[in-house]
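For what it's worth, our numbering labels the leading residue of the sequence shown as 1, then goes sequentially.
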Amino acid sequence: MYKEETSGSTGVLHPISSAVSCLSSTRISQLPAVAPLIPGMLPNMFNFTAPTQFNPLAMQPQAMTQQATRHARRVYVGGLPPTANEQTVAIYFNQVMAAIGGNTAGPGDAVLNVYINHDKKFAFVEMRSVEEASNAMALDGIMFEGAPVKVRRPTDYNPSLAAALGPSQPNPNLNLGAVGLTPGSAGGLEGPDRIFVGGLPYYFTEAQVRELLESFGPLRGFDLVKDRETGNSKGYAFCVYQDLNVTDIACAALNGIKMGDKTLTVRRANQGASQPRPEQETILMQAHQQVQMQRLVLQVGGALPTKVVCLTQVVSADELRDDEEYEDILEDMREEGRKYGNLVKAVIPRPDPSGAPVPGVGKVFLEYLDVDGSTKAKTGMHGRKFGGNQVVAVFYPENKFAEGDYDA
1 MYKEETSGST GVLHPISSAV SCLSSTRISQ LPAVAPLIPG MLPNMFNFTA PTQFNPLAMQ
61 PQAMTQQATR HARRVYVGGL PPTANEQTVA IYFNQVMAAI GGNTAGPGDA VLNVYINHDK
121 KFAFVEMRSV EEASNAMALD GIMFEGAPVK VRRPTDYNPS LAAALGPSQP NPNLNLGAVG
181 LTPGSAGGLE GPDRIFVGGL PYYFTEAQVR ELLESFGPLR GFDLVKDRET GNSKGYAFCV
241 YQDLNVTDIA CAALNGIKMG DKTLTVRRAN QGASQPRPEQ ETILMQAHQQ VQMQRLVLQV
301 GGALPTKVVC LTQVVSADEL RDDEEYEDIL EDMREEGRKY GNLVKAVIPR PDPSGAPVPG
361 VGKVFLEYLD VDGSTKAKTG MHGRKFGGNQ VVAVFYPENK FAEGDYDA
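As C-alpha cells, then:
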C-alpha cells in the first residue's frame, strides 16, 4: 500500500511496509492523532481527531480503487488569480458544489485535495467521486476571486475508462443559477459529439451564435471562444446538443453556409465523424431551410449597433479596377449614405494591381457621426438592389474600421 505526499510540484510514494509487518491478521493496533501532510488537504479528509482502529488489509482495496479512479476524479482549474492557494480553492469549490447540488456522494465536502502551480496559475482539484468531478465540469467560467476560471478535464483523463466508473457529464438537474451560471453555457463540452463551428463573423454576439445553433434543438454545452485580453470573439465556437441524434444533421446543414462574407465550417471536433443516417435525410432538408431563414434573421438583426455599416454584394472587384469608374462608385455611395445621417467617411477597398489579395474588396464601409445615422442606413439599405444584387447591410466593429482592418 502507498501513501502519496505532494511536495512542490512532485508527488512521492512511500511504502508503509513497516506498519504492515508489525501487525498480524488477527491483531488491530491503535494509531494516535496525525495532522494532514499533503498541502491543500482538508482536515476532514480522514478523521484522525481521535484514536481509530486501522486494518491495513481492509484499507488496501479502497486505496487501489482511489488510485484507479483518480484520473476521473480530478479536474483542471485554469486562470486562477495570484491570490489563490490550496485552502481557498478547496473551500470555494466545496461551497459552490454544495450550492448547486453537486455533492452526490453524500454529506460532507466534495474536495479531497488541491495542488496549485502558482507560476502557471492553475490547479488540480481532486474530488471524492467520479460523479462529483463530472458535476464540477459544469462550473466552467465561474468567477473565483473576481476572475473567470476554466474548468476542464486533465490531460491524463481517459474517457473510455471513465465511462465505466460513473457519469461523464454533469447532472442536468444542477442548480447552476445559484452560483450565477447559465445552465449549459459552457459545461458538457466533451465526448465524440462535440461540434466545432468555425468561420463565424467576429461581430456575431454569443446570443446570435446560440440562436443559430439552437434552431436544431437545445444545447447541452456552448462555448464561443474569445480573446482573453480583449474579450472579442475569435470567430469559432464549440457546442454539444442535448439530443445527440441531431449532431450530424446540424453539421451537414450548417457547414458551408455563408454568413455575410464568411463561410461556416461545422464538423465534429473529433475527426472521423459519421454521416447522417438515411432516416435523417428529410429532417436534414428541413434543417437547411431553417438555417437559411435564421441566417436572414441574423443578417437583418446584425450585431450591436455601431457607427459603421458594412455593405456587401454591392460592387464587384472588376468594377473597382478602373480609376474613373471607382471614383464614380465612391461618390454614388457617399450620396446614398448622406440620405440617412451625418456621413463621416466612405471606404471601398480596391484590388491590388499586382493581383495580391486585399482584405475587404467588394465591401463598402460607411462611417456615421452617430449610431442613429448608421442604424437608419443599415435599415434602409439592407435588401435593396444595386446592379442586380441584393445588398446585405450589417454593423461593423468600430475598432477594426479605425485600424483599417476590413476583413472581419
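Don't be surprised by glycine CBs; every beta carbon is placed ideally from N, CA and C. For clarity, every value in this text was computed on a predicted model and none was experimentally measured.
Spatially closest choice to residue i from the options, by CA coordinates
i, options, result
"D193", "K345, I249 and L330", "I249"
"P201", "P107, K234 and T312", "K234"
"T69", "E403, G166 and D261", "G166"
"H71", "A110, L161 and Y241", "L161"
"D372", "D322, V308 and K121", "V308"
"G108", "P218, Y115 and V96", "V96"
"V114", "P81, K226, N85 and A253", "N85"
"D140", "F222, C251, T375 and A163", "F222"
"A138", "K378, V77 and Q313", "V77"
"A317", "G102, G355 and L244", "G355"
"K120", "F216, T83 and G79", "G79"
"A163", "G102, R73, P81 and A136", "R73"
"P81", "Q87, A133 and G146", "G146"
"P359", "N158, M259 and E403", "E403"
Residue i versus residue j - alpha carbon distance
i, j, result
"Y203", "R152", "27 Å"
"Y368", "V344", "5 Å"
"D156", "L311", "49 Å"
"P154", "A393", "44 Å"
"R384", "P148", "44 Å"
"L212", "S168", "27 Å"
"P170", "F144", "20 Å"
"I195", "R268", "4 Å"
"H118", "V361", "47 Å"
"K150", "N389", "45 Å"
"P397", "A90", "41 Å"
"A237", "V75", "22 Å"
"D352", "T306", "29 Å"
"T208", "V197", "A quick correction: the sequence has Gln, not Thr, at residue 208. Approximately 13 Å, taken between the alpha carbons."
"Q66", "T205", "43 Å"
"R334", "A346", "6 Å"
"E319", "E214", "40 Å"
"L224", "I142", "15 Å"
"G231", "L264", "21 Å"
"G256", "I116", "43 Å"
"A253", "E331", "40 Å"
"K378", "D322", "28 Å"
"T6", "L244", "Low local confidence applies: a pLDDT of 43 at T6 is under 50, so the model's placement there is unreliable, and no value is given."
"T375", "T88", "48 Å"
"G101", "S134", "13 Å"
"M381", "C251", "32 Å"
"N411", "M259", "Because residue 411 is not part of the residues shown, which for the chain are 1 to 408, the question remains open."
"P218", "F365", "36 Å"
"A136", "D370", "45 Å"
"F395", "T83", "40 Å"
"V391", "N103", "55 Å"
"V266", "S129", "35 Å"
"P159", "G199", "29 Å"
8 Å contact criterion, which residue i and residue j should meet: CB distance rounded
i, j, result
"L112", "E131", "L112 to E131, Cβ: 14 Å. No contact."
"P357", "Y406", "Not confirmed; about 12 Å, so no contact."
"R220", "Q242", "5 Å"
"F93", "A105", "F93 to A105, Cβ: 14 Å. No contact."
"A98", "V179", "That pair is no contact at about 10 Å."
"D227", "K363", "Rounded, the Cβ-Cβ distance is 23 Å, inconsistent with contact."
"V314", "F386", "5 Å"
"F216", "V246", "5 Å"
Any chain D beta carbon closer than 8 Å to residue i
i, result
"P154", "The chain labelled as chain D is not found in the depicted structure, where only one protein chain is given."
>> If contact is defined by three or more beta carbon pairs under 8 Å, each pair taking one atom from either stretch, is the region 320–327 in contact with the region 337–347?
In response: Segments in contact, no.
> Does the region 169–178 come close enough to the region 114–128 that 3 or more CB-CB pairs lie under 8 Å?
Replying inline: Because the criterion of three Cβ pairs below 8 Å is not met, the region 114–128 and the region 169–178 do not touch.
> Residue ranges of each beta strand (DSSP E) run of no fewer than 3 residues wholly in the region 314–396, ordered along the chain?
Replying inline: Counting only runs of at least 3 residues, the region 314–396 fully encloses the following beta strand (DSSP E) elements, listed from N- to C-terminal order: 343–347, 364–368 and 392–396.
> In chain order, which continuous runs of the alpha helix (DSSP H) of length 4 or greater are located wholly inside the region 143–214?
Replying inline: Entirely contained in the region 143–214, the alpha helix (DSSP H) runs reaching 4 residues are, in chain order, 159–162 and 206–213.
> Whole beta strand (DSSP E) runs in the region 91–144 with 3 or more residues, listed along the chain?
Replying inline: Complete beta strand (DSSP E) runs here, min 3: 111–117 and 122–127.
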